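Protein chains in written order, with the UniProt record's numbering: chain A, 1 to 116; chain B, 1 to 785.
C-beta: ideal position from N, C-alpha, C; glycine also.
Small disclaimer: the values here were computed from a predicted structure and weren't measured.
Encoded as structure tokens, the structure appears first; notes follow it.
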Amino acid sequence: MGRASSKEDAGALFHSLRSAYAATPVNLKIIDLYVGFAIFTALIQVVYMAVVGSFPFNSFLSGVLSCVGTTVLAVCLRIQVNRENKEFKDLPPERAFADFVLCNLVLHLVIMNFLG
Amino acid sequence: MAAPETSTAAVPSLYTNNALRNAFGGVLSFFILLLIGVMAFSIRLFSVIKYESVIHEFDPYFNYRVTQFLAKNGIYEFWNWFDDRTWYPLGRVIGGTVYPGLTLTAGTIWWLLNSLNIPLSVETVCVFTAPIFSALASWATFLLTKEVKGTGAGLTAAALLAMVPSYISRSVAGSYDNEAVAIFALIFTFYLYIKTLNTGSLFYATLNSIAYFYMVCSWGGYTFIINLIPMHVLLCIVTGRFSSRLYIAYAPLVVLGTLLAALVPVVGFNAVMTSEHFASFLVFIILHVVAFVYYIKGILSPKMFKVAVTLVVSVGLAVCCAVIAVLIALVASSPTKGWSGRSLSLLDPTYASKYIPIIASVSEHQPPTWPSYFMDINVLAFLVPAGIVACFSPLSDSSSFVVLYIATSVYFSGVMVRLMLVFAPAACITSGIALSQSFDVFTRSIKFQLPGISSNTEVDAAETSSATAEAQNDAVKTEKSEETSKNRPSKKSKKKEKEEKPSTKAKAEKRLIALPLDSSVISLLLLILLGAFYVVHCVWAAAEAYSAPSIVLTSHSHDGLHVFDDFREAYAWLRHNTDVDDKVASWWDYGYQTTAMANRTVIVDNNTWNNTHIATVGTAMSSPEKAAWEIFHSLDVKYVLVVFGGLVGYPSDDINKFLWMVRIGGGVFPHIKEPDYLRDGQYRIDSQATPTMLNCLMYKLSYYRFVETDGKGFDRVRQTEIGKKYFKLTHFEEVFTTHHWMVRIYKLKPPKNRIRGKTKKSKSKTSSASSRAKRSGMGKKNPWH
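This is the structure:
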């Protein structure tokens with residue numbers, strides 16, 4: 001594949017991705033924003049550890065894993081709430097959100113315990 | 001079952017008929033489960049009936065002592081407990097090196113009962129914890145198998161697990177060890193994982209993580225879970241079964257599970273740093289990549305997706321290789337590649353015997369022999385392959401998990417006999433599936449061929465008539481196998497029939513199969529007979545083979561029952577006749593029992609965490625008296641305890657274990673060489689034994705005054721007369737020998753007050769007045785070297 005055509009393809013790909021994503025409903029976009037925020041927080045913590053050192057290792061672990069944990073749980077919520085997902089057709093979104101809150105509660109209880 | 005309802009009602013609607021049948025089935029299965037729990041509890045009580053309610057073996061005594069401490073001092077003291085009565089002078093941090101699950105469970109049960117004013121002692125609670133949790137484990141097996149194949153298979157699997165001898169061997173009443181609660185936690189975690197996989201509910205994923213936390217608290221074998229589940233996820237991804245339910249089942253488990261595992265002090269940071277957990281992280285990353293790819297595929301058109309793939313592959317491959325190279329370099333830099341010794345010995349069975357003789361010397365870590373499979377799972381050995389085939393038709397996520405579970409557990413059970421215990425639930429699940437499927441086919445055939453029974457007879461009649469051609473072929477095959485079954489043992493034909501059933505079922509798809517009536521009835525009766533053999537074997541194994549407490553021995557002779565209670569006699573003597581701070585040295589097998597029952601400080605115990613310390617004791621036992629006295633004196637030891645079985649024929653005594661002492665001691669102190677103790681490669685203690693052997697401390701302490709028992713010194717275990725019969729001990733004195741000479745306790749003689757001169761040094765213990773004059777000429781040299 002030539003350079004020019006690959007560039008055009010990349011541009012076309014970017015456009016189609018953008019347009020496809022713009023079509024997703026608003027509540028899913030909010031969840032995606034939350035996921036992005038959590039990943040960004042995790043990255044900041046990793047950079048901080050690389051600069052300062054990992055001495056209270058349990059604090060570092062609990063901080064990073066809390067971000068990763070809420071990311072994962074938010075993605076699970078997104079999967080369950082997404083109306084295009086045939087498997088979760090008869091799961092009311094309130095139940096999905098309640099499960100999400102419960103799991104986050106357990107996660108953060110463990111985090112607070114492990115934070116030291 | 002449905003006959004009374006159809007005949008009595010006037011115009012029964014299909015709905016009430018089914019609802020009634022379901023209700024009846026539900027109540028019946030509830031009572032069956034209750035009975036299974038009672039059976040699981042009662043079959044483990046043989047040792048309590050035959051002996052007494054006592055804690056068995058060695059490891060349970062440590063757990064019992066820790067539970068006593070927890071019950072007396074509370075949980076904060078327990079977390080921070082530093083034990084100075086073992087591994088003298090090193091001590092042991094109990095809070096950080098023990099798996100707390102079992103202790104906390106029993107402690108909670110004791111506290112609960114006592115707060116309800118039911119005054120059970122800690123010992124009673126400890127003894128009966130294992131049977132209670134085995135009942136819970138069989139209920140967990142029911143739930144797990146119900147998720148895989150339905151209620152019938154679940155009930156069969158639960159009944160099989162309640163009785164399987166392999167599980168009974170580690171969970172009799174009195175065997176207060178980690179596996180008692182760990183197996184329940186294992187099965188329950190797997191059940192919650194399968195339930196999450198089937199329903200995709202985040203609630204069950206949370207429960208799964210909490211159950212995994214309980215498993216990590218209970219047993220070091222939790223690494224099996226955290227490697228099996230990623231393996232299964234990878235299998236699902238590779239076989240094209242990726243779904244969002246898989247993501248919900250696995251991803252929260254990894255994050256929450258790692259955090260919860262890091263909370264347990266024993267595991268700590270090992271949860272993120274050892275190779276045993278890396279598989280879960282790797283599959284976590286792979287799962288996210290696959291999920292992302294599926295998501296992009298879903299929102300793009302196919303042409304655009306192809307473009308994306310080529311772009312990502314060209315750019316991402318380079319990045320991936322760099323990251324993997326860094327990881328590999330990190331892992332390869334550690335000598336054991338990040339694995340712990342025990343896990344490495346599982347992957348490479350020869351590792352322990354080459355590098356870590358202590359792990360190799362434990363009898364539970366040896367590979368099992370073939371007969372132990374038939375002893376431990378009996379009839380299930382034939383049913384497991386049929387169950388695996390039944391799992392494949394139809395193959396679902398949960399049945400692929402069962403197949404993977406049994407494949408891996410068969411491998412690990414072949415490496416270490418202790419892991420037969422992990423294999424047992426898998427065997428019960430698959431056998432339960434196989435048995436229940438075959439029962440289904442036979443009873444259905446009988447039901448359709450009895451006149452005028454089921455309510456949908458019209459539909460069935462049409463289908464059976466269309467299937468009669470197939471049924472004829474089946475009938476011919478089963479008749480042939482029935483005839484040969486008269487000659488050959490019934491089990492072989494059972495397996496052949498069961499393998500035919502799933503294949504014909506798969507061929508017939510939705511059509512029902514009706515076998516000839518007589519062959520179904522006979523097969524059903526033979527299956528029930530098979531189950532009867534299993535039950536008889538399990539009860540026999542529980543009563544005869546696995547109920548020995550090993551701290552009390554019995555033997556039957558012509559004049560009745562002899563009870564050998566020597567161990568407790570010796571520990572009681574120690575408890576009542578020595579000072580509280582006296583140190584007792586013995587081989588590490590008896591450490592836990594000595595601290596728990598005799599309440600004295602020991603040098604080494606069953607935890608075997610410090611190889612050098614054990615090697616020191618081993619060297620002392622293998623050295624001549626004077627050198628051994630030096631070593632023990634430097635460790636502040638006051639009493640030495642040896643176990644000797646020569647008078648009564650008890651084969652697990654210290655003389656039989658002596659070569660391991662030499663090997664372990666020789667591994668650290670090179671002046672101990674194993675060939676010095678063998679004559680022509682043979683280990684002997686008779687007149688042909690080597691002088692090193694005849695002069696070592698173990699020989700002297702075991703056989704001191706032994707010739708006085710029968711005049712000839714005939715050792716019943718080694719079946720020879722001993723080599724050196726008449727000798728005196730110079731540095732030790734005998735203080736106690738139990739009734740059957742099984743435990744012998746010696747005291748170290750204190751060092752002499754007056755120091756002899758170098759020229760007049762003699763081996764005799766009788767001091768004379770003339771030595772007093774030479775004392776001043778000695779200087780600073782230590783005379784005991």
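Is there a Cβ from chain C that is less than 8 angstroms from the Cβ of residue 322 (chain B)? The question asks about chain C, but that chain is absent: this structure's protein chains are A and B.
Given a limit of 8 angstroms on CB to CB distance, which residues of the region 196 to 212 of chain B reach chain A? 200, 201, 202, 203, 205, 206, 209 and 210
Report yes or no: is there a C-beta of chain B within less than 8 angstroms of the C-beta of residue 52 (chain A)? Counting from 1 along the first sequence, the entry for residue 52 (chain A) is found at position 52. No, because no Cβ of chain B sits closer than 8 angstroms to the Cβ of residue 52 (chain A).
From B:103, B:523, B:59 and B:86, residue whose alpha carbon lies closest to that of residue 67 (chain B): Translated into the one-based positions of the second sequence, residue 67 (chain B) becomes position 67. For the options B:103, B:523, B:59 and B:86, the alpha carbon positioned closest to that of residue 67 (chain B) is the one of B:103.
Take residue 284 (chain B) and list the residues in its own chain whose beta-carbon comes closer than 6 angstroms to its own, dropping the five residues that flank it on each side. Here residue 284 (chain B) corresponds to residue number 284 of the second sequence, with the count starting at 1. Closer than 6 angstroms at the Cβ level, and outside the excluded window around residue 284 (chain B), lie 254.
Need the endpoints of the beta strand (DSSP E) that residue 736 (chain B) sits in, please. Here residue 736 (chain B) corresponds to residue number 736 of the second sequence, with the count starting at 1. It spans 732 to 737 - the beta strand (DSSP E) in which residue 736 (chain B) sits, taken as one unbroken run.
Looking only at its chain, what residues have a beta carbon closer than 6 angstroms to the beta carbon of residue 640 (chain B), apart from the 5 residues adjacent to it on each side? Within the second sequence, the letter at position 640 stands for residue 640 (chain B). Once the five neighbours on either side are set aside, the close Cβ partners of residue 640 (chain B) are 585 and 746.
For residue 21 (chain A), return the contacting residues in chain B, with the cut-off set at a CB-CB distance below 9 angstroms. On the first sequence, residue 21 (chain A) is found 21 positions in, with the first residue counted as 1. By Cβ distance, chain B contributes 299.
Cβ closer than 7 angstroms: which chain A residues qualify as neighbours of residue 722 (chain B)? As a first step, residue 722 (chain B) must be located in the second sequence, where it is residue number 722. Simply none; closest approach about 58 angstroms.
Identify, in the order they occur along the chain, each residue of the same chain with its Cβ nearer than 7 angstroms to the Cβ of residue 51 (chain B), setting aside the five sequence neighbours on each side. Mapped onto the second sequence, residue 51 (chain B) falls at position 51. Only 549 and 552 meet the Cβ criterion.
Give the residues from the region 99 to 111 of chain A that approach chain B closer than 8 angstroms (Cβ to any Cβ), ordered along the chain. 99, 100, 102, 103, 106, 107, 110 and 111
Just to make sure I have the definition right: I need the residues of chain B whose C-beta is within less than 8 angstroms of the C-beta of residue 113 (chain A). Which are they? Here residue 113 (chain A) is taken as the residue at index 113 of the first sequence, counted from 1. Within chain B, the residues near residue 113 (chain A) are 263.
Buried or exposed: which applies to residue 292 (chain B), given that a residue is buried once 16 or more other Cβ atoms fall within 10 Å of its Cβ? For this step, residue 292 (chain B) is matched to residue 292 along the second sequence. Taking a 10 Å sphere around the C-beta of residue 292 (chain B), we find fewer than 16 other C-beta atoms and assign the residue as exposed.
What would DSSP say about residue 673 (chain B), mapped onto helix, strand or coil? On the second sequence, residue 673 (chain B) is found 673 positions in, with the first residue counted as 1. Coil.
Taking residue 85 (chain A) as the query, report the chain B residues whose CB atoms sit under 7 angstroms from its CB, ordered along the chain. Position 85 of the first sequence, counted from the start, is the residue given in the question as residue 85 (chain A). 244, listed in chain order.
Give a yes or no on whether the minimum CB-CB distance between residue 55 (chain A) and chain B is below 8 angstroms. As a working note, residue 55 (chain A) is residue 55 in the first sequence. So no, residue 55 (chain A) is outside the interface.
Using the C-alpha atoms, what's the distance from residue 594 (chain B) back to residue 60 (chain B)? The residue labelled residue 60 (chain B) in the question sits at position 60 within the second sequence. The residue labelled residue 594 (chain B) in the question sits at position 594 within the second sequence. Distance between the alpha carbons of residue 60 (chain B) and residue 594 (chain B): 12 angstroms.
Indicate the three-state DSSP secondary structure (helix, strand or coil) for residue 376 (chain B) in the structure shown. Mapped onto the second sequence, residue 376 (chain B) falls at position 376. Helix at residue 376 (chain B).
For residue 225 (chain B) and residue 231 (chain B), the rounded distance between their alpha carbons: Stepping through the second sequence from its first residue, residue 231 (chain B) is reached at position 231. Stepping through the second sequence from its first residue, residue 225 (chain B) is reached at position 225. Distance between the alpha carbons of residue 231 (chain B) and residue 225 (chain B) is about 10 angstroms.
Applying a beta-carbon distance threshold of less than 8 angstroms, which residues of chain A neighbour residue 315 (chain B)? Counting from one through the second sequence, the residue named residue 315 (chain B) turns up at place 315. The contact set of residue 315 (chain B) on chain A, defined by CB atoms closer than 8 angstroms, is empty, because the minimum CB distance reaches about 10 angstroms.
Nonlocal neighbours in the same chain, by C-beta distance under 7 angstroms from residue 492 (chain B), ignoring five residues either side: As a first step, residue 492 (chain B) must be located in the second sequence, where it is residue number 492. Below a pLDDT of 50, predicted positions are generally treated as unreliable, and residue 492 (chain B), at 41, falls in that range; no measurement from the model is reported.
Considering only DSSP beta bridges, list what residue 554 (chain B) is partnered with. Here residue 554 (chain B) corresponds to residue number 554 of the second sequence, with the count starting at 1. B:563, per the DSSP bridge assignment.
With a cut-off of 8 angstroms, do at least 3 Cβ pairs link the region 714 to 729 of chain B to the region 530 to 549 of chain B? no
Please return the same chain residues whose Cβ sits closer than 6 angstroms to the Cβ of residue 143 (chain B), not counting the five positions on each side in sequence. Here residue 143 (chain B) refers to the residue found at position 143 when the second sequence is read from its first residue. These residues qualify, in order along the chain: 191.
Any contact of the region 398 to 417 of chain B with the region 426 to 441 of chain B, i.e. 3+ C-beta pairs under 8 angstroms? yes
Can you tell me whether residue 591 (chain B) is buried or exposed? The criterion is at least 16 other CB atoms within 10 Å of its CB, across all chains shown. Locating residue 591 (chain B) in the second sequence gives position 591, counting from the first residue. It is buried - the Cβ of residue 591 (chain B) has at least 16 other Cβ atoms within 10 Å.
Cβ of residue 269 (chain B) less than 8 angstroms from any chain A Cβ? On the second sequence, position 269 is the one that residue 269 (chain B) refers to. Answer yes: the Cβ-Cβ gap between residue 269 (chain B) and chain A drops below 8 angstroms somewhere.
Using three-state DSSP, classify residue 604 (chain B) as helix, strand or coil. Start at 1 with the first residue of the second sequence, and residue 604 (chain B) comes out as number 604. Coil.
For chain B, check one thing: does any of its Cβ atoms lie closer than 8 angstroms to the Cβ of residue 116 (chain A)? Sequence index remark: in the first sequence, residue 116 (chain A) carries index 116 (1-based). Closer than 8 angstroms: no.
With a CB to CB cut of under 6 angstroms and the five nearest residues on each side skipped, what residues in its chain are close to residue 200 (chain B)? Counted from its first residue, the second sequence places residue 200 (chain B) at position 200. Closer than 6 angstroms at the Cβ level, and outside the excluded window around residue 200 (chain B), lie 245 and 248.
Are the C-beta of residue 63 (chain A) and some C-beta of chain B separated by less than 8 angstroms? Looking up residue 63 (chain A) in the first sequence gives position 63. It does not; no Cβ of chain B falls within 8 angstroms.
Under a three-way DSSP split, which group does residue 715 (chain B) fall into? Within the second sequence, numbered from 1, the residue matching residue 715 (chain B) stands at position 715. Strand at residue 715 (chain B).
Taking Cβ to Cβ, would you say residue 101 (chain B) is nearer than 8 angstroms to residue 218 (chain B)? To locate residue 101 (chain B), count along the second sequence from 1; it is residue 101. To locate residue 218 (chain B), count along the second sequence from 1; it is residue 218. Cβ distance < 8 angstroms, so residue 101 (chain B) and residue 218 (chain B) count as in contact.
Which residue or residues does DSSP assign as beta-bridge partners of residue 641 (chain B)? Along the second sequence, read from residue 1 onward, the residue named residue 641 (chain B) stands at position 641. Its beta-bridge partners are B:745.
So what's residue 404 (chain B) in DSSP terms, helix, strand or just coil? Counted from its first residue, the second sequence places residue 404 (chain B) at position 404. It is helical.
Taking only beta carbons into account, state which residues of the region 34 to 46 of chain A come closer than 8 angstroms to chain B, listed in chain order. none
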